[in-house]
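Participant: If you scroll down you'll find the structure; I have some questions about it.
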Amino acid sequence: MTELKKPKITFCDNNPDVVNSLREAFSAESNVYFVEGNILDYARDTIFSPANSLGFMDGGVDHDYVRFFGIKIQNSVKEVFAARPEGFVPVGAAELVLTGHETIPRLILAPTMFEPMVIPSYNIFRSFRAALKKYRKLGLEGEIFTPGFGTGIGHVSAEDAAKMMLMAYQSVFQHNEAE
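The opening residue of the sequence shown carries number 15 in our numbering; numbering runs sequentially from there.
Shown next, in the form of structure tokens:
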């Protein structure tokens, strides 16, 4: 099976253990980069969020996104999530929200949990895969900036999260997993 063209992805997280685990997991990938720090200091094009299914953005990196983009991003997320047939975004699905920001115009939210809670590591695989598939399906271009998924409120270890994110990446870009 032919590999897909891979976008440039920068993992950016405040937690050095998360960054180091991701660096180790993705060491064979030449299109993947790593930064320890605030994702909003570096991001452009598309940013990922390991959200919750209800669209609450009052914790973790989502809280930083609301402070950066303003409360309008929370309102936009709630509208997009509520418009789904279920009225929420389940783990394993993702949605795009336009931010209105010149440098970071796109936010892809892929819930790792229904509501803020401790999660199994497999949720990270499902949510990160959903975010990557959404990016691919929409034919988006430019860079992706993403934090580690599930390592804050979800309480998944940095090593387990990195392994799940790598598996998701491989399923989308190396195994050409269909939508």
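Even for Gly, the Cβ is constructed at its ideal location relative to N, Cα and C.
Nothing here was measured: the structure is a model prediction, and the numbers come from that model.
Compute the distance between the beta-carbons of residue 126 and residue 119, then report whether it is under 9 Å.
Facilitator: Their beta carbons are not under 9 Å apart, which means residue 126 does not touch residue 119 by this criterion.
Participant: Kindly list the residues whose CB is nearer than 7 Å to the CB of residue 170, restricted to its own chain and excluding five residues on each side of it in sequence; keep chain order.
Facilitator: Correct list, in chain order: 133, 135, 138 and 164.
Participant: Taking one C-beta from the region 75-86 and one from the region 43-55 each time, how about it: are there three or more such pairs within less than 8 Å?
Facilitator: At 8 Å Cβ cutoff, the stretches touch.
Participant: By alpha-carbon positions, which one of 37, 45 and 38 ends up nearest to residue 156?
Facilitator: Comparing Cα positions, the closest option is 45.
Participant: What number of angstroms, rounded off, separates the C-alpha of residue 103 from the C-alpha of residue 71?
Facilitator: C-alpha separation (whole angstroms): 14 Å.
Participant: Would you list the residues sitting across from residue 47 in a DSSP beta bridge?
Facilitator: For residue 47, which the question treats as bridged, DSSP gives the partners 24.
Participant: Take every Cβ of the region 24-34, pair it with every Cβ of the region 166-185, and state whether three or more of those distances are shorter than 8 Å.
Facilitator: Touching, per the Cβ criterion.
Participant: Between the C-alpha atoms of residue 98 and residue 140, what's the straight-line distance to the nearest angstrom?
Facilitator: Residue 98 and residue 140: Cα-Cα distance of roughly 18 Å.
Participant: Taking buried to mean at least 16 other C-beta atoms within 10 Å of its own C-beta, is residue 41 buried or exposed?
Facilitator: Burial call: exposed.
Participant: Using a Cβ-Cβ cut-off of 7 Å (strictly less than) and excluding sequence neighbours within five positions of residue 73, which residues of its own chain qualify?
Facilitator: So the list reads 130 and 167, once near-sequence residues are dropped.
Participant: What does DSSP give as the partner residues of residue 120 in its beta bridges?
Facilitator: For residue 120, which the question treats as bridged, DSSP gives the partners 60 and 112.
Participant: May I ask which residues mark the beginning and end of the beta strand (DSSP E) holding residue 158?
Facilitator: First-last of the beta strand (DSSP E) with residue 158: 158-160.
Participant: Alpha helix (DSSP H) containing residue 88: first to last residue?
Facilitator: 85-96 is the extent of the alpha helix (DSSP H) around residue 88.
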